[in-house]
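With positions in the sequence shown counted from 1, the corresponding number in the working numbering is that position plus 6.
All C-beta atoms, glycine included, are put in the ideal place defined by N, C-alpha and C.
Please read these numbers as outputs of a predicted model, since none were measured by experiment.
Here's the structure, in structure tokens; my notes come after.
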Amino acid sequence: MSLPREPRQKMINMMYLVLTALLALNVSAEILNAFKTVNKSLETTNVTVSNSTDVIIKSLEDKLADPRNAEKAKIWYPKAQEVQKLSKDVYSYIQDIKNDIIKQGGGDVYSHKFKADNLDIATRMMVDKKKGIELKKRLEEFKKNVLAIDPDMGKAFANTLPISTEVPKTQSSSNNTFERAYFHMVPTVAALTVLSKFQNDIKTSENKLVEWCHNQVGAVVVRFNHYVGFAATDKSYVMPGEEMKISAGIGAFSDQALPTVTIDGTNEQLNGDGVALRTVKASSGLGKHSVTVNIKYTDLDGNLKSVDKTIEYMVGQSTASIALDKMNVLYIGVDNPITVSASGAGDDRISLSITGGGGPAPIKQGNGKYIVRVNSVTDDCWINVNVDGKSGSRNQFRVRTVPEAQAYVGGQPSGTQVNAGAFKAQPGVAAGIKNFPFQLNYEVVSYTFTCDTDDDIVSIPVTGALFQGPVKRAIDQNVKPGRMVTIENIKVRNPDGRIASVPAVFYYIN
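Right, here's the structure in full:
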């Protein structure tokens, strides 16, 4: 299996031009961030190359068990294993150096948070303590030992193996040794990037040599042994009647050749289905945005492939409409039903709040249905629609008290002519609001009953709403045709608990 050929020397030369510029103490954040990006890319590539090598080794093991290839595989499989062992030793040695640099930079090896601009740590470790000299020796020994595993393999890669310990040119005449050229007075992040580059050289060399061993037996074969069904839609939010596309199928992969997935430059772990999952926070800006995805995998012939995808999404402002179901104002002391509809957000993502009007948060009753309660008169009551906890849109409403209640007897308004027998049959005084959409309960607390008599006028104060006791006797005795009945000083308890006075009522008896 062949790896993509890259202009490695150009990349390395460019790296050292930047390293030379970093000798100044004032290292810009932009340059440090650039090295972090290069280092992360190298580490991701190392994982990809390592996975590719594992696929080749697995294919060699399969050929070892195949009688048709077993004889050749017995010769080349141990040699490939020896390459892997030598590679692992020097790779781990370099990784230990990187971990020490990170720790001395005040960080830990898991979070990779450290003093990226420190110029002393790499100098002290690699130059003063001579670890740079030891690193050069280990790299040269690795190259010598792997080329000695097999004479033919040694000849094939004598001049092409990507392991070089030559001293790069620098502007400083004092940096004329391997360790000083690479590590003297460079920031920790630059030193880590150089070490990752050497690890990449090791992994690339290992892959080329293991592949060469395999090719002496036969072609690499990848066998898919995991299958996962998938289904997706081209949009997650649609309008009524709008079309959407659904795609479904089967994906296959080998657990010996897992792909590597990078999302927005970050390598992601795969779950049991071979899928990388990442939660991405949408951009705060409105309009079209995108997320880049790179997938590297090994095909059935053992070749390393790379696929780039761009996932686009649109960020929009949620707009909502709020409708009062019964009246065009909110009333104090009653349950005001409202209906909320929002574009760009499902009902499960919506919540409401209220400012002005003095009420609590609206109470959800069902899809898009809420109850609003208010307790103070204002023209500036705002109902706010929040989507996923963030402010969306808002609507302004007026808050008013419920209209004044009217008293009545037998459902008849004041000034009506009432039959004497019909009046005597009534149980008492009631109160309410005619033609009002809300069903409200008003309780008559007290009133004064006044009526003509044969000689004078009788006036009786009553507690409660009923015609009983003295007032009932007065009605039976004095309510006759041609007389007038007046009910005044009426007090009622409103639905909100307040006691209020309502206008007097009178009736002509016929």
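Pairwise C-alpha distance: residue 369 and residue 376: Taken atom to atom, the span from the alpha-carbon of residue 376 to that of residue 369 is near 5 angstroms.
Simplified DSSP assignment, three categories, for residue 52: Looking at residue 52 - three-state DSSP - the assignment turns out to be helix.
CB of residue 85 within 8 angstroms of CB of residue 155, strictly: Against a cut-off of 8 angstroms, the Cβ pair of residue 155 and residue 85 comes out as a contact.
Contact under 8 angstroms by Cβ, residue 42 with residue 122: Yes; because the gap between Cβ atoms is below 8 angstroms, this pair is in contact.
Own chain residues within Cβ distance below 7 angstroms of residue 106, not counting five before or after: The answer, listed in chain order, is 131.
Three-state secondary structure assigned by DSSP to residue 157: Three-state DSSP puts residue 157 in a helix.
8 angstroms contact criterion, which residue 283 and residue 211 should meet: CB distance rounded: The pair is not a contact, with the Cβ atoms about 34 angstroms apart (cut-off 8 angstroms).
Straight-line Cα distance separating residue 469 from residue 476: Answer to the nearest angstrom: the Cα atoms are 11 angstroms apart.
Proximal residues to residue 490 (C-beta, below 8 angstroms), its chain only, five neighbours per side dropped: Here residue 490 has 457, 458, 512, 513, 514 and 515 as same chain residues with Cβ atoms under 8 angstroms from its own Cβ, once five neighbours each way along the sequence are excluded.
Sub-8 angstroms separation of residue 577 and residue 216 beta-carbons: The question about residue 577 has no answer, for the chain in this structure spans 7 to 516.
For residue 1, the residue or residues it bridges with in DSSP: The requested residue 1 is not part of the displayed model; the chain covers only 7 to 516.
Assigned secondary structure, residue 212 (DSSP; H/G/I helix, E/B strand, else coil): If DSSP states are grouped into helix, strand and coil, residue 212 belongs with the helices.
Continuous alpha helix (DSSP H) stretch holding residue 184: start and end: First-last of the alpha helix (DSSP H) with residue 184: 184-189.
Integer Cβ distance of residue 450 from residue 496, believed to fall under 8 angstroms: Rounded to the nearest angstrom, the Cβ distance from residue 450 to residue 496 is 7 angstroms, consistent with a contact under 8 angstroms.
Outcome for residue 159 when other beta-carbon atoms lying within 10 angstroms are tallied against a minimum of 16: In summary, residue 159 is buried, with 16 or more beta-carbon neighbours lying within 10 Å of its beta-carbon over all protein chains present.
C-beta contact flag for residue 279 and residue 300 at 8 angstroms: Not a contact, by the Cβ cut-off of 8 angstroms.
C-beta contact flag for residue 405 and residue 382 at 8 angstroms: Yes, these two residues count as a Cβ contact at 8 angstroms.
Where residue 371 falls, given that 16 or more other Cβ within 10 Å makes a residue buried: By the beta-carbon neighbour count (other beta carbons within 10 angstroms, threshold 16), residue 371 is exposed.
Terminal residues of the alpha helix (DSSP H) in which residue 479 lies: That run of the alpha helix (DSSP H) goes 476-484.
Proximity to residue 339 [Cα-Cα], best of 379, 353 and 320: Minimum Cα distance to residue 339 is reached at 379.
Buried or exposed by the 16-neighbour rule on C-beta atoms within 10 Å, applied to residue 103: By the 10 Å Cβ count, residue 103 comes out buried.
Proximity of residue 273 and residue 50 at Cβ, strictly below 8 angstroms: Taking the C-beta atoms as reference points, residue 50 is found nearer than 8 angstroms to residue 273.
Status (buried if at least 16 other CB within 10 Å, exposed otherwise) for residue 448: Label assigned to residue 448: buried.
Supposed contact pair residue 346 and residue 374 - C-beta distance, whole angstroms, cut 8 angstroms: With 8 angstroms as the limit, residue 374 and residue 346 qualify as a contact, their Cβ atoms being about 5 angstroms apart.
Exposure label - residue 363; buried when at least 16 CB within 10 Å: Here residue 363 is buried. Its C-beta has 16 or more other C-beta atoms within 10 Å.
Of the residues 119, 311, 466 and 385, the one placed nearest residue 484, counting alpha carbons only: Taking residue 484 as reference, the option from 119, 311, 466 and 385 with the minimal CA-CA separation is 466.
Environment of residue 31 [buried if 16+ CB atoms lie within 10 Å]: Because residue 31 sits at a pLDDT of 45, beneath the cut-off of 50, its placement in the model cannot be relied upon, and the following sentence gives the value as read from the coordinates. That one is exposed.
Option in 175, 89, 196 and 193 with minimal Cα separation from residue 187: Comparing alpha carbon positions, the residue from 175, 89, 196 and 193 closest to residue 187 is 175.
Extent of the continuous beta strand (DSSP E) to which residue 496 belongs: Where residue 496 is concerned, the enclosing beta strand (DSSP E) stretches over 490-499.
Whole-angstrom distance between residue 209 and residue 10, CA atom to CA atom: For residue 10, the predicted model reports a pLDDT of 46, less than 50, meaning its position is unreliable; a value from the coordinates is still stated below. In a straight line, the C-alpha of residue 10 is about 14 angstroms away from that of residue 209.
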